[in-house]
Amino acid sequence: MKQFQSWWKGLSRRDQRLLAVWLAGMAVAALVWCGSALVAAQERAQAQLAAERQVLGRMHVQAEELQRLKQLPRAGGNVKGVYMIEVSDSLSKHGLPTQIIQSLDTADQVGLQGLVPFDHWVEWVAAVQKDMRLVVQKAKVTRADLPGMVEIQATLEQEKD
3 MKQFQSWWKG LSRRDQRLLA VWLAGMAVAA LVWCGSALVA AQERAQAQLA AERQVLGRMH
63 VQAEELQRLK QLPRAGGNVK GVYMIEVSDS LSKHGLPTQI IQSLDTADQV GLQGLVPFDH
123 WVEWVAAVQK DMRLVVQKAK VTRADLPGMV EIQATLEQEK D
């Protein structure tokens with residue numbers, strides 16, 4: 003320390019000021035450099051956080067879709083055992099009578115026969131195709147005497163993969 007003090011006192015007043023200004027400038031430059039590095043790191047972290055939030059949002063959507071798919075029957079499942087309650091609930095939900103369900107000999111088909119509102123029937127067929135993977139194998143739709151009503155005879159089966 004004494005060597006520094008003697009060295010410092012040996013400098014002229016002008017050299018001391020120049021050295022002090024140079025050291026202060028270097029300190030400011032170091033602070034600016036460190037500050038800019040911190041700002042850049044913060045911006046990268048915010049960009050990464052935004053990207054991860056987007057990924058998390060997609061993961062939530064995919065998780066919901068996965069839960070929906072897990073509830074669907076497996077290929078070759080027993081329609082009579084698995085679907086009949088779901089088919090009945092779906093019919094009720096779409097304003098169709100559950101009494102139109104017919105018993106069939108095959109396990110992978112659902113039979114329907116009865117008088118129904120045409121628009122409800124069409125909506126229901128679209129819904130079970132999407133939600134339960136049941137598709138119309140064959141159908142006979144005949145206009146009834148009542149406006150908007152049709153007599154249906156249909157067989158739906160599990161969609162083939």
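Position 80, counted from 1, in the sequence shown is what our numbering calls 82; the numbers after and before it change by one each time, with no gaps.
Virtual Cβ for every residue (Gly too), placed ideally from N, Cα, C.
Quick caveat: nothing in here was measured; it's all calculated off a predicted structure.
(request) Could you check which residue in 19, 153, 112 and 87 has the C-alpha nearest to that of residue 161? (result) The residue you call residue 161 lines up with position 159 of the sequence shown. That would be 112, whose Cα lies nearest to the Cα of residue 161.
(message) I need the DSSP call for residue 6, collapsed to helix, strand or coil.
(response) Residue 6 sits at position 4 when you count from the first residue of the sequence shown. It is helical.
(message) If you reduce the DSSP assignment to three classes, tell me which class residue 153 lands in.
(response) For the purposes of this step, residue 153 is taken as residue 151 along the sequence shown, with counting starting at 1. Of the three classes helix, strand and coil, the one that applies to residue 153 here is strand, per DSSP.
(request) Run the proximity test for residue 119: is its beta-carbon closer than 7 Å to any non-hydrogen atom belonging to the ligand ADP? (result) Among the components modelled here there is no ligand, and therefore nothing to report on the ligand ADP.
(request) With distances taken Cα to Cα, identify the nearest neighbour of residue 152 among 72, 70, 118 and 62. (result) Locating residue 152 in the sequence shown gives position 150, where the first residue counts as 1. Selected option, being the one with the closest Cα: 118.
(request) Please determine, among 32, 53 and 120, the residue with the shortest C-alpha to C-alpha distance to residue 148. (result) Residue 148 sits at position 146 when you count from the first residue of the sequence shown. Nearest C-alpha to residue 148: 120.
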